[in-house]
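**Student:**
Protein chains in written order, with our numbering: chain D, 17 to 349; chain Z, 21 to 535.
#1: Following the continuous alpha helix (DSSP H) through residue 477(Z), name the residue where it begins and the one where it ends.
#2: DSSP on residue 220(D), reduced to helix/strand/coil?
#3: At least one CB of chain D closer than 8 Å to the CB of residue 497(Z): is that the case?
#4: So what's residue 281(Z) in DSSP terms, helix, strand or just coil?
#5: What is the rounded straight-line gap between the Cα of residue 275(Z) and the Cα of residue 358(Z)?
#6: What does residue 55(D) touch in chain Z if you count any residue whose Cβ is under 9 Å from its own?
#7: Could you spell out where the alpha helix (DSSP H) holding residue 205(D) opens and where it closes?
#8: Under a three-way DSSP split, which group does residue 143(D) fall into?
#9: Step through the CB atoms of chain Z and report whether any lies within less than 8 Å of the CB of residue 245(D).
#10: From this set, 249(D), 286(D), 149(D), 328(D), which residue's C-alpha is nearest residue 107(D)'s C-alpha?
#11: Tell whether a beta-carbon distance below 8 Å holds between residue 71(D) and residue 275(D).
#12: Chain Z partners of residue 257(D), CB-CB under 7 Å?
#13: Tell me the DSSP secondary structure of residue 43(D) in three-state form.
#14: Whose C-alpha, out of 522(Z), 108(Z), 413(Z), 439(Z), is nearest the C-alpha of residue 377(Z)?
#15: Please give the ranges of any alpha helix (DSSP H) in the stretch 185–236 of chain Z, keeping only runs that are unbroken, at least 4 residues long and fully inside the region.
#16: Kindly indicate which residue of 219(D), 69(D), 66(D), 79(D) has the alpha-carbon position closest to the one of residue 143(D).
#17: Count the other CB atoms within 10 Å of the CB of residue 421(Z); is the residue buried (16 or more) or exposed (fewer)?
#18: Kindly indicate if chain A contains any beta-carbon less than 8 Å away from that of residue 121(D).
#19: Using the three-state DSSP reduction, which class does residue 104(D) fall into: helix, strand or coil?
#20: Can you check whether the C-beta of residue 275(Z) is within less than 8 Å of a C-beta belonging to chain D?
#21: Do you know how far the Cα of residue 467(Z) is from the Cα of residue 91(Z)?
#22: For a contact meaning CB atoms closer than 7 Å, what does residue 169(D) contact in chain Z?
#23: Within the 8 Å Cβ cut-off, does residue 334(D) reach chain Z?
#24: Under 8 Å, Cβ to Cβ, is there at least one residue of chain Z near residue 134(D)?
#25: My output table needs one value for residue 185(D): the three-state DSSP class, helix, strand or coil.
#26: How many angstroms separate the CA atom of residue 316(Z) from the CA atom of residue 330(Z)?
#27: Under 8 Å: do the stretch 392–407 of chain Z and the stretch 485–497 of chain Z share three or more Cβ pairs, one atom per stretch?
#28: Roughly how many angstroms lie between the CA atoms of residue 232(Z) and residue 342(Z), to the nearest whole one?
#29: Which of the three DSSP states, helix, strand or coil, is assigned to residue 240(D)?
#30: So with Cβ pairs under 8 Å, would you call residue 302(D) a contact of chain Z?
#31: If I measure Cβ to Cβ from residue 363(Z) and keep anything under 6 Å in the same chain, skipping five residues before and after, which residues do I get?
#32: Any C-beta of chain D within less than 8 Å: which residues of the stretch 225–239 of chain Z qualify?
#33: For the alpha helix (DSSP H) containing residue 169(D), name the first residue and the last one.
#34: Cα separation between residue 52(Z) and residue 482(Z)?
#35: Note down, one range per segment and in chain order, each alpha helix (DSSP H) of at least 4 residues found wholly within the stretch 444–515 of chain Z.
#36: Count the other C-beta atoms from every protein chain shown that fall within 10 angstroms of the C-beta of residue 104(D), then say buried if there are 16 or more, exposed otherwise.
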């Protein structure tokens, strides 16, 4: 599935059309940011995964910057990239690997912030037969989407694990195959399926791939190059509200959870599950790096580590995929 | 209550009891929720469930009205301008065969936030199964009635409204009944494209959270609503109509035509589709990053340096899909036809079987897909069973109708010779059933392709369904659109092949249908 990158005719055409589409939207007048409404495309259904944004909405962190933000939920059949390319959404939440794939297909994206410093991918197993380190997977059956095979391959390469000694069983994204004993472990996010098992009383073990060398920025904020050039003020306001929201989230994950449940009573959210998810994503989002420089930050070193892991996923990217100018303005660096 | 009054309830009660005990037996596998647990969940979460049901039902109803109105308009157009009929049929079939997995995200871009994709997918799911019986119904008019209209100096429009529309009413009802569960499924899948509320949203949540009670409660609620809609349309129809609604699911294949004319029609339709595809994307000014034109696909499939890889990925996905599609499709057809024969031989069975059959067909496949795979394993059995479930109900209904249409005189002659019921079945009823059977077999081709791609997407993770979902997440839109074309072609070609077999068989057993 991995395509060679490089500038084919298709890429050029696509970039051109994308830029044209965005430019035509850029024509509308936007003098003093008089309560512009912008769409912000989330990557999944409403849940505490985006609770920082809900706080920004609820406490007026965007309103006080003259911005009205509409948070658009994602879903299993709602890719983030098209609305951002077409200009329907000013900003979207993606991940470095998906963004790299989109860029190689001609999407003019820049990553302007990194919500998850540590990739949330993990290997989940039952505590009776745990995976504590990558080599434990040898001889096991792993349940995952076949699409994620390169992810598992990269983890094996980084940790000198025999990839061929692991049996991949394609499964839907659910803890059920593990609980029913169809597989020995799952490739999933540390913040969703293991949380579901814990809440249902199934004892489980989670091995975070980021702790074993898998460095891919996740929950990254993406915008088009054109928006970055022409709608800068709105993007700065959007990111500033976002940063304030997530800082408040970190202070009180319980309040963030309650706000999420109150804002989306129709989403069928379970408080215990949502709170546990909210707590578990804190160490993925905040680190010494963000303590020193602010939410969403990255350095040349973390980008270099990302480029290396992305290379193992056969995604060739250059450091200029990341553009820190918006964050620098927000954090006053 | 006497024993006879109890009898119709015996089957359902036994099933519920078995279900309840199985659920308790396998509680640790997180697969099956007991009926008692489902009822408990529904009681504890009445407000949430009611709101979600309201949202999805509203979208489904809007799609139902729009889709059926479109079908009626198209049918009217085809009858008033007979030359347009073949083109309308061809375009309608192709649009009906477009896979949900791929149309969803495109609709989201076109409509932006809101309920646009939910309503559109519901409308797309229903219009074809109404259009086709309507086209039959509008023709099911004695020609002297039309002569009468003409003798009064009135034109085609009067004939359409005064005569044809009345004759077509029973056929319209037949289409509407099938449309009800389909609209609900369309609205739920529409919610997968990014929605804040509804039954589809809750279904995703329940599966992620491994909340078995919630999953089964949602499936139960959706089934009950779909069955009620099915029954309500049937009841309303019986109040209005004097005769039982016919269940002709698709018109018999068109009569003999010179092969070169057929080829010309195919070429013309293909040209029209390509023009619509290219022109539509250009008119909507959609970015070619995700909205690929025919030229982009030719480039990706034949000219690009990685064209061979793309083709290899597509053909291996196609093979994976076909391996499940064929057995599932055939199993569904055979089960449907045999059950229909069993019911005709032993009518008392119908009391238990029919409600169960309607329920099975009405359960939205997006909730059943993972469940059936959990119950039957992720090998071939689960997928094949799901396709069979999608196929068997329309086949059953159509075959029952066909079997009952056996000419009374022929049956009486057989009886007077003391022929056994089995002989009557073999020599009279089965030949009478064949036209309806083939009509069902054709319309089931797209239905089974829909089933297999949804199962692959949501449960087993291989084949064309998974390839489409995967390429969308990796922004590989050349691959996605290629897979869409392939999936659509698969349905359309399958539909055509069944039509060919149908003509062969009917020319022997029911030549009047081909007139």
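Note that the Cβ used here is the ideal one computed from N, Cα and C, for glycine as well.
**Tutor:** With the given structure in hand:
#1: First-last for residue 477(Z): undefined, no H or E at that position.
#2: strand
#3: True, the Cβ-Cβ gap to chain D drops below 8 Å.
#4: The three-state secondary structure of residue 281(Z), taken from DSSP, is helix.
#5: Model confidence at residue 275(Z) stands at a pLDDT of 48, short of 50, so the residue's coordinates are unreliable; what they give is reported in the following sentence. Taking C-alpha positions only, residue 275(Z) is separated from residue 358(Z) by approximately 28 Å.
#6: 132, 133
#7: Where residue 205(D) is concerned, there is no enclosing alpha helix (DSSP H), although the beta strand (DSSP E) it sits in stretches over 201–205.
#8: coil
#9: no
#10: Answer by Cα proximity: 249(D).
#11: Yes. Within cutoff.
#12: By Cβ distance, chain Z contributes nothing, its closest Cβ being about 19 Å from residue 257(D), past 7 Å.
#13: Because residue 43(D) sits at a pLDDT of 38, beneath the cut-off of 50, its placement in the model cannot be relied upon, and the point is left open.
#14: Shortest Cα-Cα distance from residue 377(Z) to any of 522(Z), 108(Z), 413(Z), 439(Z) involves 413(Z).
#15: 185–210, 219–228
#16: 219(D)
#17: buried
#18: The displayed structure is made up of protein chains D and Z, and chain A is not among them.
#19: It is coil, neither helix nor strand.
#20: Legend: pLDDT at residue 275(Z) = 48, less than 50; position of this residue unreliable, no value from coordinates given.
#21: Pairing residue 91(Z) with residue 467(Z), the inter-Cα distance amounts to about 18 Å.
#22: Per Cβ cutoff of 7 Å: no residues; residue 169(D) is ~15 Å from chain Z at best.
#23: no
#24: no
#25: DSSP, reduced to helix, strand and coil, places residue 185(D) within a strand of the structure shown.
#26: 13 Å
#27: no
#28: 31 Å
#29: strand
#30: no
#31: 369, 370
#32: Result list: 225, 226, 227, 228, 229, 230, 231, 234.
#33: 165–175
#34: 24 Å
#35: 450–475, 483–493
#36: buried
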